[in-house]
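Enquirer:
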Amino acid sequence: MSLSINTTILQSRLFLGTAGYPSPDTLAQAISAAKPGLVTVSLRRENKAGKGQDFWNIIKGFNIPILPNTAGCHSINEAITTAEMAREIFETDLIKLEIIGDDYTLQPDPFKLVEAAEILNAKGFTVLPYMTDDLVLAEKLVDAGCDILMPWGAPIGSGRGLNNPYALKLLRDRFPDKILVVDAGLGAPSHASAVMEMGFDAVLLNTAVAKAGDPPIMAGAFAKVVEAGRAAYLAGLIAPQETASASTPLIDKPIWHQKL
Amino acid sequence: MSLSINTTILQSRLFLGTAGYPSPDTLAQAISAAKPGLVTVSLRRENKAGKGQDFWNIIKGFNIPILPNTAGCHSINEAITTAEMAREIFETDLIKLEIIGDDYTLQPDPFKLVEAAEILNAKGFTVLPYMTDDLVLAEKLVDAGCDILMPWGAPIGSGRGLNNPYALKLLRDRFPDKILVVDAGLGAPSHASAVMEMGFDAVLLNTAVAKAGDPPIMAGAFAKVVEAGRAAYLAGLIAPQETASASTPLIDKPIWHQKL
Amino acid sequence: MSLSINTTILQSRLFLGTAGYPSPDTLAQAISAAKPGLVTVSLRRENKAGKGQDFWNIIKGFNIPILPNTAGCHSINEAITTAEMAREIFETDLIKLEIIGDDYTLQPDPFKLVEAAEILNAKGFTVLPYMTDDLVLAEKLVDAGCDILMPWGAPIGSGRGLNNPYALKLLRDRFPDKILVVDAGLGAPSHASAVMEMGFDAVLLNTAVAKAGDPPIMAGAFAKVVEAGRAAYLAGLIAPQETASASTPLIDKPIWHQKL
Amino acid sequence: MSLSINTTILQSRLFLGTAGYPSPDTLAQAISAAKPGLVTVSLRRENKAGKGQDFWNIIKGFNIPILPNTAGCHSINEAITTAEMAREIFETDLIKLEIIGDDYTLQPDPFKLVEAAEILNAKGFTVLPYMTDDLVLAEKLVDAGCDILMPWGAPIGSGRGLNNPYALKLLRDRFPDKILVVDAGLGAPSHASAVMEMGFDAVLLNTAVAKAGDPPIMAGAFAKVVEAGRAAYLAGLIAPQETASASTPLIDKPIWHQKL
Amino acid sequence: MKITINGQPKDFPANFEAPLNLYDLLAQEEVIGMMIAVAHNGNVIPKGNYAQIFLKDGDAIEIVAPMQGG
Amino acid sequence: MKITINGQPKDFPANFEAPLNLYDLLAQEEVIGMMIAVAHNGNVIPKGNYAQIFLKDGDAIEIVAPMQGG
Amino acid sequence: MKITINGQPKDFPANFEAPLNLYDLLAQEEVIGMMIAVAHNGNVIPKGNYAQIFLKDGDAIEIVAPMQGG
Amino acid sequence: MKITINGQPKDFPANFEAPLNLYDLLAQEEVIGMMIAVAHNGNVIPKGNYAQIFLKDGDAIEIVAPMQGG
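Chains as they are written, first to last, in my numbering: chain F, 6 to 265; chain S, 6 to 265; chain A, 6 to 265; chain Z, 6 to 265; chain V, 688 to 757; chain E, 688 to 757; chain B, 688 to 757; chain Y, 688 to 757.
1) Less than 8 Å between the C-beta atoms of P194(S) and V230(S), yes or no?
2) Of all Cβ atoms in chain S, is any one closer than 8 Å to the Cβ of N728(B)?
3) Going by beta carbon distance, what residues of the same chain come within less than 7 Å of N288(S), once the five residues before and after it are set aside?
4) Could you compute how far the alpha carbon of S17(A) sits from the alpha carbon of L210(A)?
5) State yes or no: is the C-beta of Q715(E) within less than 8 Å of the C-beta of T23(F)?
6) At the 8 Å Cβ level, is I750(B) part of the contact set with chain S, yes or no?
7) Curious, which full-length beta strand (DSSP E) runs of at least 3 residues does the stretch 11-52 of chain A contain?
8) Using only the alpha-carbon positions, how far apart do Y751(V) and E123(F) sit?
9) Considering M203(F), what are the terminal residues of the alpha helix (DSSP H) in which it resides?
10) On the premise that Q112(Z) lies in contact with P156(Z), defined as a C-beta separation below 8 Å, what is that separation, rounded to the nearest angstrom?
11) Run through chain Z and tell me which residues come within less than 8 Å of M721(Y), C-beta to C-beta.
12) What residue from G745(V), L709(V) and E717(V) has the CA that sits closest to V731(V)'s CA?
13) Contact criterion: CB-CB distance below 8 Å. Does Y26(A) meet it with respect to chain F?
14) Where F703(Y) and I692(Y) are concerned, what is the direct C-alpha to C-alpha distance, given to the nearest angstrom?
15) Are any of the Cβ atoms in chain A nearer than 8 Å to that of A172(F)?
16) Give the secondary structure of F741(E) by DSSP, where H, G and I count as helix, E and B as strand, and everything else as coil.
17) From the DSSP output, read off the bridge partner residues of N708(B).
18) Under 8 Å, Cβ to Cβ, is there at least one residue of chain E near T253(S)?
19) Note down, in chain order, every chain A residue with its Cβ under 9 Å from the Cβ of N211(Z).
20) Check the C-beta distance from P73(F) over to K117(F) and give it rounded, since I have them as a contact under 8 Å.
21) When you compare only the Cα positions, how much space is there between Y26(S) and I719(B)?
22) Using only alpha-carbon positions, find the residue among A199(S), F180(S), P221(S) and T212(S) that is nearest to A189(S).
23) Which residue marks the beginning of the alpha helix (DSSP H) containing D148(F), and which one marks its end?
24) From the DSSP output, in three-state form, read off D152(S) for me.
25) Since P259(S) meets chain E, which of its residues come closer than 9 Å, beta carbon to beta carbon?
26) How would you write the range of the beta strand (DSSP E) that Q112(F) sits in, first residue to last?
27) Kindly say whether M223(A), judged by its beta-carbon, lies nearer than 8 Å to any beta-carbon of chain Z.
28) What number of angstroms, rounded off, separates the C-alpha of T110(Z) from the C-alpha of A127(Z)?
29) With distance defined between alpha-carbon atoms, name the residue in A244(S), D152(S) and F95(S) nearest to V214(F).
30) Would you mind working out which of M722(V), A726(V) and G729(V) sits nearest I64(A), comparing C-alpha positions?
31) With a threshold of 8 Å between beta carbons, is M47(Z) in contact with chain Y?
32) Taking the CB atoms as reference points, tell me whether G218(A) and G241(Z) lie closer together than 8 Å.
33) From P696(E) to I748(E), what does the alpha carbon distance come to, in whole angstroms?
34) Taking the alpha carbon of D257(F) as the point to measure from, which residue in G55(S), L175(S), T12(S) and L21(S) has its own alpha carbon closest?
35) Give every residue of the same chain whose Cβ lies closer than 8 Å to the Cβ of A39(A), excluding the five residues on either side of it in the sequence, and list them in chain order.
36) From the DSSP output, in three-state form, read off K128(S) for me.
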């Protein structure tokens with residue numbers, strides 16, 4: 006079953022970032038290959054040179070719902086103004102709320118996140134907070150009106166995968182009815198598959214595709230595993246065992262097997 | 006690029022076992038969903054009741070190359086006779102050489118494996134040895150004429166994934182030109198993807214599909230990730246970093262970003 | 006070099022909890038064996054039956070600095086009143102600030118923690134906050150006046166060890182001058198040693214000793230590894246290598262070694 | 006209880022290698038600090054310069070049982086001749102049987118190991134085979150007369166710790182009555198503690214001490230954790246839990262706790 | 688007058704010549720000399736000041752002692 | 688009068704019959720028709736309202752467009 | 688004469704004019720036409736050669752068919 | 688006669704009245720009294736037996752001593 010946000014049905018559970026690709030063409034090819042459910046974008050100052058327009062011309066063609074982010078914001082006010090400008094320009098209520106709490110890990114600031122989420126929810130935004138994997142923070146964001154949570158797997162761009170699978174499992178168990186997305190830190194398709202196998206609703210990534218040797222192929226690979234990981238979760242995975250159990254049955258074995 | 010064994014081009018890098026499915030229909034649906042490159046089968050005594058025939062009628066329809074195994078063999082002679090019977094019945098030189106060295110872990114016996122591989126290679130078989138992840142054993146099997154090696158990920162049916170990724174990586178590094186397949190122990194698509202991301206040529210599994218809640222869906226999921234994991238390996242994965250690096254560029258930020 | 010808090014020199018970098026021992030005698034023996042730097046205690050209602058007195062008679066004999074906790078507190082006010090009662094009764098400024106944010110994981114509430122820490126520091130307490138491993142939270146607690154931080158390894162009593170070593174390493178790197186203690190979740194001496202090898206200043210545990218088969222022996226074991234782990238950190242550990250390097254030199258080998 | 010080999014009671018469950026120390030003095034200090042149960046040594050060609058004598062003068066003073074090794078041997082004959090020379094010179098039946106199967110990982114050759122062990126056991130040696138963690142190999146070595154097995158943790162000198170804890174646990178379970186020692190690959194005291202917590206009888210290391218920043222202090226640290234890890238194993242470790250359980254009891258809480 | 692001690696309401700004769708002070712109450716409760724801390728209507732009362740605290744109807748007293756803790 | 692556009696102060700002739708409105712300024716800046724959003728003294732101005740915003744000395748205008756983001 | 692088929696001993700009338708061959712035995716066992724392989728005293732017999740194998744007292748025959756395997 | 692000592696060939700005058708024994712050779716090599724083990728043509732020679740081993744042209748002697756090892 007497809008994932009929907011508000012009334013929009015998303016074509017994929019992979020959300021893709023648009024930053025850091027070797028060229029605009031590669032970006033376009035990566036989006037074509039990934040067919041993502043959402044594409045994330047940001048904002049810059051514009052002048053008559055129209056730098057931002059070329060980028061937009063690539064993106065708009067795909068007709069994929071836009072998820073504007075508040076990347077680079079350190080304060081609540083920055084985040085809110087950015088969100089409002091984004092809503093005006095992209096005509097969407099969706100906002101990836103990102104408030105940097107530390108410049109080295111680019112980790113989200115749990116405290117400002119909650120305040121900003123409250124304000125933005127009150128202003129009618131659909132807030133997708135980029136957050137740590139803290140359970141209490143998650144509860145506060147839900148209390149602040151968020152129906153979607155985006156905990157990190159590892160620091161942005163680190164490609165480390167899941168630093169704390171225990172915390173992520175716990176979030177899934179405790180918020181069975183919220184949309185949970187792992188955002189940031191994934192490096193390999195196996196990471197994305199593991200996330201989906203835990204029952205997460207979607208995966209958001211950027212660097213793992215943009216900085217891959219061949220971004221379009223990597224984009225396609227991630228799209229496939231996200232779908233497959235979801236299917237596997239729904240199909241029901243086997244539980245790991247300490248010991249072995251034969252797959253091939255040992256019945257009606259020919260005589261030479263008795264010659265032991 | 007597709008994987009070939011001898012001159013046969015395989016339609017997938019996923020090899021699928023046929024044992025332990027809830028019903029013959031489920032088995033058939035799982036094979037349809039996986040479209041595996043090889044299907045593994047075994048041998049049983051037959052009589053006029055024709056039990057084995059029904060099974061065979063399911064399998065043969067798929068026209069997928071057969072990989073007979075020597076499951077349940079504890080001795081070299083058992084394995085060789087089983088291999089010869091298999092070649093006679095299935096008209097294939099392929100044999101998954103399996104000699105149990107321990108009844109609890111069903112782990113392969115490295116010592117008998119080498120001897121049996123030598124004999125079977127001399128008899129013109131294409132031997133796919135189910136082996137541990139031991140590098141010296143791998144060298145001996147190659148010296149014995151094997152061009153394909155199938156180290157375990159974990160004990161058969163355990164679904165644990167990769168007990169020793171270090172050893173598997175090492176095998177890949179040291180045998181760049183051999184066909185390397187991880188056989189046994191995988192439980193989740195993320196495990197299979199991790200194997201392919203390491204550059205392995207294929208994955209063989211059975212229990213993870215047969216004992217899944219919905220085997221056909223799980224079969225399709227594994228087929229997808231194996232393809233995706235391979236693509237990711239060829240595309241070139243990003244290297245994990247200790248620290249974060251921003252994906253969204255911090256250029257031309259609007260004024261409210263300077264209000265810090 | 007010994008660890009000091011304020012002007013008190015602690016006899017060990019192992020801090021020991023006093024709860025959940027099979028008997029008062031076992032508790033006493035465990036303390037004797039551990040010779041901890043601090044012992045943690047809590048508060049209960051008292052009446053003429055004097056239940057609390059018997060417990061205190063065991064503890065006071067050891068002449069070890071007391072670390073009262075605010076266990077079981079869910080609100081800032083509870084925590085503050087408890088802290089003040091503790092200071093009055095134990096005549097110490099030390100307080101282990103514990104505010105439960107979730108009843109299943111007993112995880113600390115990052116938000117209330119910061120507020121309570123500010124108030125208690127203002128009231129002249131030496132606050133040891135039991136916290137998650139969140140870097141931004143750590144910064145806020147330091148801003149609130151804390152010179153000691155006690156991130157968790159895993160949920161209280163779980164014995165899982167370190168759920169997120171990456172986050173803990175990061176805290177150590179970013180707060181070289183603060184006293185960092187891993188509190189809660191450790192199950193085995195190897196966990197405690199790993200913590201000390203990372204350069205943490207101390208370890209606080211309770212369940213791993215109290216619920217061990219033989220608490221006094223386990224207490225002694227933890228005391229030893231904490232000391233050893235600290236020594237190893239100061240001595241300088243070797244860096245892990247991908248490949249092997251011979252320890253035994255290959256010089257002047259006798260002739261039979263050339264017979265290859 | 007102390008570990009004994011044959012009738013010799015060993016003063017410690019830490020066995021220490023003597024190679025690669027920055028200076029003879031440091032080696033001597035490291036041995037003094039570790040008080041190891043065995044010290045490993047090797048053989049070199051000697052002439053009137055008497056290079057080997059100076060080394061021996063350091064070692065013999067400690068009166069610690071000697072474990073000569075066959076390091077650098079690639080063939081069965083080399084190993085046997087080396088063992089016989091070692092027995093003649095050191096007047097001990099103990100021999101650490103080391104036959105290199107791969108020059109990059111220095112991993113033991115399982116095949117030659119078994120043959121050489123049979124011969125040496127027949128010649129009355131007490132063979133301590135340096136082996137991989139393969140269960141079937143272990144069974145063959147026991148059949149060949151070995152009462153002591155020394156599986157690796159990771160490649161020699163790599164300091165990686167335990168590449169395959171699952172395999173090591175299995176060996177312990179399956180050989181409850183043999184002396185099991187983890188030899189090679191350990192880098193940190195936490196690794197050694199983990200080994201002892203699994204119920205292994207001893208640990209053998211060299212590089213982790215010799216190449217440490219301060220070898221004597223590191224030697225002492227390892228000696229402590231090996232003792233502590235053993236004690237913890239005997240005392241009975243708590244089992245890891247998925248969830249938390251309060252250590253501090255929640256009885257008779259003062260009124261402010263009810264103000265929720 | 689009613690005084691709540693550790694959550695239990697208790698009746699005390701009001702004596703207007705010699706109003707009940709905290710020390711006397713703790714004495715009646717037989718906890719004097721114990722290792723305790725006392726809160727009067729939520730305020731922690733230093734050991735030395737018990738006698739200076741005069742109780743009135745409706746007051747709440749909490750008496751706590753050390754307990755095992757982690 | 689001085690108006691700051693994306694952080695750069697710029698001079699405009701004050702004309703009291705026909706005061707400068709935001710639309711005209713954006714036209715002069717040649718960004719009309721682009722995919723942009725505009726803030727006037729920190730307030731986001733809906734596309735349709737540009738002509739209703741009359742500028743005065745010291746106003747700050749921010750003009751932003753889409754950019755790649757993660 | 689006694690012939691063991693898949694471990695079960697079975698009696699066959701010995702006929703010296705027309706000794707029993709493997710093909711006839713498989714026919715009597717009703718497995719001809721099935722997807723099988725056959726071993727005669729441990730030697731695998733190619734499908735085409737069944738009729739050339741003449742059986743004698745004490746021979747052991749194994750008849751195997753495909754089975755599920757991992 | 689030629690004797691190879693630790694891989695180095697060396698010449699010794701052959702003396703047929705008093706043939707060279709291993710002890711004398713080790714003495715000439717100045718290793719007597721050292722902590723050593725000796726192999727004569729690949730056979731380990733117990734300390735006590737050096738004088739009983741008479742050397743002939745082409746013999747190979749290995750002399751080893753303890754060395755650091757892991």
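Note that beta-carbon positions come from the ideal geometry of N, C-alpha and C, so glycine has one too.
Expert: The relevant details are as follows:
1) Position 189 of the second sequence, counting from 1, holds the residue named residue 194(S). Position 225 of the second sequence, counting from 1, holds the residue named residue 230(S). Yes, Cβ-Cβ distance for P194(S) and V230(S) is below 8 Å.
2) As a working note, residue 728(B) is residue 41 in the seventh sequence. No - not a single Cβ of chain S is within 8 Å of the one on N728(B).
3) Residue 288(S) lies beyond the residue range present for chain S, which begins at 6 and ends at 265; the question has no answer from this structure.
4) Translated into the one-based positions of the third sequence, residue 17(A) becomes position 12. Translated into the one-based positions of the third sequence, residue 210(A) becomes position 205. Approximately 13 Å, taken between the alpha carbons.
5) To locate residue 715(E), count along the sixth sequence from 1; it is residue 28. To locate residue 23(F), count along the first sequence from 1; it is residue 18. Contact flag unset, no.
6) Walking along the seventh sequence from the start, residue 750(B) turns up at place 63. At least one chain S Cβ lies under 8 Å of I750(B).
7) 19-22 and 43-50
8) Start at 1 with the first residue of the fifth sequence, and residue 751(V) comes out as number 64. Start at 1 with the first residue of the first sequence, and residue 123(F) comes out as number 118. The identity of residue 751(V) in the sequence shown is Val, whereas the question assumes Tyr. Approximately 40 Å between the Cα atoms of the pair.
9) What you label residue 203(F) is simply residue 198 of the first sequence in a count that begins at 1. Per DSSP, M203(F) belongs to no alpha helix (DSSP H) and is neither H nor E.
10) For the purposes of this step, residue 156(Z) is identified with residue 151 of the fourth sequence, where counting begins at 1. For the purposes of this step, residue 112(Z) is identified with residue 107 of the fourth sequence, where counting begins at 1. That pair is no contact at about 11 Å.
11) Taking the first residue of the eighth sequence as 1, we reach residue 721(Y) at position 34. The answer, in chain order, is E51, G55, G57 and Q58.
12) Start at 1 with the first residue of the fifth sequence, and residue 731(V) comes out as number 44. Measuring from the Cα of V731(V), the nearest candidate turns out to be L709(V).
13) Numbered from its first residue, the third sequence carries residue 26(A) at position 21. It does not: the Cβ of Y26(A) has no partner Cβ on chain F nearer than 8 Å.
14) Walking along the eighth sequence from the start, residue 703(Y) turns up at place 16. Walking along the eighth sequence from the start, residue 692(Y) turns up at place 5. The straight-line gap from Cα to Cα measures roughly 21 Å.
15) In the first sequence, residue 172(F) corresponds to position 167, counting from 1. So, interface residue.
16) By one-based count along the sixth sequence, residue 741(E) stands at place 54. Strand.
17) In the seventh sequence, counting from the first residue as 1, residue 708(B) sits at position 21. BP columns for N708(B) point to F741(B).
18) The count along the second sequence starts at 1 and reaches residue 253(S) at position 248. Closer than 8 Å to some Cβ of chain E, the Cβ of T253(S) qualifies, so yes.
19) What you label residue 211(Z) is simply residue 206 of the fourth sequence in a count that begins at 1. By Cβ distance, chain A contributes S252 and T253.
20) Here residue 73(F) corresponds to residue number 68 of the first sequence, with the count starting at 1. Here residue 117(F) corresponds to residue number 112 of the first sequence, with the count starting at 1. Contact doesn't hold; Cβ gap of about 18 Å is too wide.
21) The residue given as residue 26(S) occupies position 21 in the second sequence. The residue given as residue 719(B) occupies position 32 in the seventh sequence. Distance between the alpha carbons of Y26(S) and I719(B) is about 29 Å.
22) Looking up residue 189(S) in the second sequence gives position 184. Closest option to A189(S), Cα to Cα, is T212(S).
23) The residue labelled residue 148(F) in the question sits at position 143 within the first sequence. It spans L140 to D148 - the alpha helix (DSSP H) in which D148(F) sits, taken as one unbroken run.
24) What you label residue 152(S) is simply residue 147 of the second sequence in a count that begins at 1. Of the three classes helix, strand and coil, the one that applies to D152(S) here is coil, per DSSP.
25) For the purposes of this step, residue 259(S) is taken as residue 254 along the second sequence, with counting starting at 1. Under the 9 Å cutoff, chain E gives N693, G694, A726, E749, I750 and V751.
26) Here residue 112(F) is taken as the residue at index 107 of the first sequence, counted from 1. Here Q112(F) belongs to no beta strand (DSSP E), and DSSP marks it neither H nor E.
27) Translated into positions along the third sequence, residue 223(A) becomes position 218. Chain Z contact via Cβ: present.
28) In the fourth sequence, the residue the question calls residue 110(Z) occupies position 105. In the fourth sequence, the residue the question calls residue 127(Z) occupies position 122. Distance between the alpha carbons of T110(Z) and A127(Z) is about 29 Å.
29) On the first sequence, residue 214(F) is found 209 positions in, with the first residue counted as 1. Checked all of A244(S), D152(S) and F95(S); the closest Cα to V214(F) is A244(S).
30) As a position in the third sequence, residue 64(A) is number 59, starting the count at 1. The shortest Cα separation from I64(A) among M722(V), A726(V) and G729(V) belongs to M722(V).
31) Counting from one through the fourth sequence, the residue named residue 47(Z) turns up at place 42. Contrary to the premise, residue 47(Z) reads as Ser rather than Met in this sequence. It does; some Cβ of chain Y falls within 8 Å.
32) Residue mapping note: residue 218(A) aligns to position 213 of the third sequence, counting from 1. Residue mapping note: residue 241(Z) aligns to position 236 of the fourth sequence, counting from 1. Taking 8 Å as the Cβ cut-off, G218(A) and G241(Z) qualify as a contacting pair.
33) Along the sixth sequence, one-based indexing puts residue 696(E) at 9. Along the sixth sequence, one-based indexing puts residue 748(E) at 61. Rounded to the nearest angstrom, the two C-alpha atoms are 10 Å apart.
34) Here the question's residue 257(F) lines up with position 252 in the first sequence. It is G55(S) whose Cα lies nearest to the Cα of D257(F).
35) Your numbering for residue 39(A) matches position 34 in the third sequence. Excluding positions up to five away in sequence, the list reads S17, L19, L21, V214, A224, G225, F227 and A228.
36) As a first step, residue 128(S) is located in the second sequence; it is residue number 123 there, counting from the start. Here K128(S) sits in coil by DSSP.
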